[in-house]
Amino acid sequence: IELIEIEAGEEFKNLDTCIGIWNAMTDLNADRKSLLITLGGGVITDMGGFVASAYKRGIDFVNIPTTLLSMVDASVGGKTGVDLGVLKNQIGLFANPEMVIVDTNYLQTVTPREINSGLAEIIKYGLTSDASLYQRIKENPQLDITELIHRSIEIKNEVVLEDPKEKYLRKILNFGHTIGHAIESYFLESEHKEKLTHGEAIAIGMVAECYLSTQLFNFPKDELENIKTLIKTIYGSVEISASDFDEILAYLKHDKKNVGGQVNFVLLNG
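FYI, the numbering for the sequence shown is 1 to 270, going by full-length UniProt numbering.
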């Protein structure tokens, strides 16, 4: 077993880092029968899967996620990829790991902020696929984490098995991500903003897309207020001023779900 270490952080999820990993693998004489094991959070599992899938036209890989976000979302489902500049996940492949090993003991190594980042994806599963899951989180965000992980992976696997290449049903897993990714990219790029975690940005995106749902599909306004209260309780407030809007809108134009120049959203109905 050989070890390749990379810098942590979304800003290193790019092709330059991939090239460094490929060079290291070449120096180690990795071949088509080699196995790449990714150990880390969502950046590592996303990028590691892409590195393995492209190296020599594809070698096997195993994901060992170490953050809540990567356990419930990034390491399962077969999406791999890297960012292009600050544009999220613009380059990637669909490729499934041979195995995903989820060990919740790793969660003892991450901060409460990182736990909350992963919780945003679990809330997403509740809002899109399992109302009882969302209700349990709303009543008690400190639920047994193992139960939440198990149910989240179960939901994602059910959706992915029906629509592995994201042609229709799997698009629901992007709820909150159209606006959320634009906000995440903007805060990553801006010199005047503190970087947001992925989950914090997605939480804001879910609130914004719930608002659109009330305007376009009669999603209940009282439920919107409940969601806003839950998100604010967990994540606090983030200041986004009117002067930020134009730049955030510019990032929306590069979303992967766009078709024919039209921005596409995943919204909730009434």
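We treat Cβ as the ideally placed atom computed from N, Cα and C, and that holds for glycine.
Delimiting residues of the beta strand (DSSP E) encompassing residue i
i	result
LYS124	Note, LYS124: premise wrong, no beta strand (DSSP E); alpha helix (DSSP H) at 112-129.
ILE37	35-40
GLY92	87-94
GLY81	79-84
Given residue i as reference, the closest of the options once Cα atoms are compared
i	options	result
GLY48	GLY20, ASN29, GLU239, LEU68	GLY20
GLY77	PHE187, ILE155, GLU194	ILE155
GLU98	GLY58, ASN174, ALA208, GLU139	GLY58
ALA250	VAL86, PRO141, ILE202, GLN142	VAL86
LYS165	GLU191, GLU239, LEU15, PHE94	PHE94
GLU239	LEU252, ILE183, ARG151, VAL263	ILE183
VAL43	GLU7, ALA242, ILE122	GLU7
LEU216	LEU268, LYS171, LYS167	LEU268
ASP244	ARG136, ILE4, SER190	SER190
ARG113	ASP16, ALA203, LYS167	ALA203
LYS138	THR233, VAL259, ASP255, THR111	THR233
GLY157	ILE172, LEU15, LEU143, THR26	For the record, residue 157 in the displayed sequence is Asn; it is not Gly. Taking only the C-alpha atoms, the option nearest ASN157 is ILE172.
THR17	ALA30, VAL62, LEU84	LEU84
LEU212	PHE265, LYS256, ASN258	PHE265
Any non-hydrogen atom of the ligand PLP closer than 7 Å to residue i Cβ
i	result
GLU147	Looking at this structure, you won't find the ligand PLP or any other ligand, since it has none at all.
Other residues of its chain near residue i: CB distance less than 8 Å, five sequence neighbours each side excluded
i	result
ASP46	LYS13, ALA74, LYS79, THR80, GLY81, VAL82, ASN89, GLY92
residue 285	In the structure as shown, the chain begins at 1 and stops at 270. Residue 285 is therefore absent and cannot be evaluated.
PRO141	LEU119, LEU230, THR233, ILE234
Status (buried if at least 16 other CB within 10 Å, exposed otherwise) for residue i
i	result
LEU36	buried
SER132	exposed
GLY41	buried
GLY180	buried
TYR106	buried
GLY126	buried
GLU10	buried
SER237	exposed
LYS253	exposed
LYS167	exposed
LYS242	Checking the sequence shown, residue 242 turns out to be Ala, not Lys. ALA242 should be labelled exposed.
ASP255	buried
Other residues of its chain near residue i: CB distance less than 6 Å, five sequence neighbours each side excluded
i	result
LYS56	ARG32
GLU247	TYR186
ILE64	LEU39, ILE101
residue 275	No answer is possible for residue 275: it lies beyond the span of the chain, which begins at 1 and ends at 270.
ASP163	LEU169, ARG170
ASP60	LEU35, GLU98
TYR134	GLY126, LEU127
Cβ shell of residue i (< 7 Å), same chain only, five flanking positions each side left out
i	result
LEU28	GLU2
THR214	LYS221, LEU224
TRP22	VAL51, TYR55
VAL72	GLY118, GLU121, ILE122, ILE149, SER152, ILE153
THR109	THR66
THR146	THR104
ILE160	In the sequence as presented, Ile is not what sits at residue 160; that position holds Val. Here the set comprises GLY77, GLY78, ARG170.
LEU219	It should be pointed out that residue 219 corresponds to Phe in this sequence rather than to Leu. So the list reads CYS210, SER213, LEU268, ASN269, GLY270, once near-sequence residues are dropped.
Residue span of the alpha helix (DSSP H) that contains residue i, given as start and end
i	result
GLU61	The displayed chain sequence assigns Phe, not Glu, to residue 61. That residue, PHE61, is in no alpha helix (DSSP H); its beta strand (DSSP E) goes 60-65.
THR229	221-235
ASP16	15-27
HIS198	198-217
ALA182	177-189
TYR168	Where TYR168 is concerned, there is no enclosing alpha helix (DSSP H), given that its DSSP letter is neither H nor E.
TYR251	245-252
LEU173	Per DSSP, LEU173 belongs to no alpha helix (DSSP H) and is neither H nor E.
HIS192	It is not in any alpha helix (DSSP H) - HIS192 carries neither H nor E in the DSSP assignment.
ASN157	145-162
Checklist entry - At a cut of 8 Å, does the region 190-204 reach the region 217-229 through at least three beta carbon pairs? => result no
Item to check | Given 8 Å, three or more beta-carbon pairs between the region 158-176 and the region 206-214 | outcome: yes
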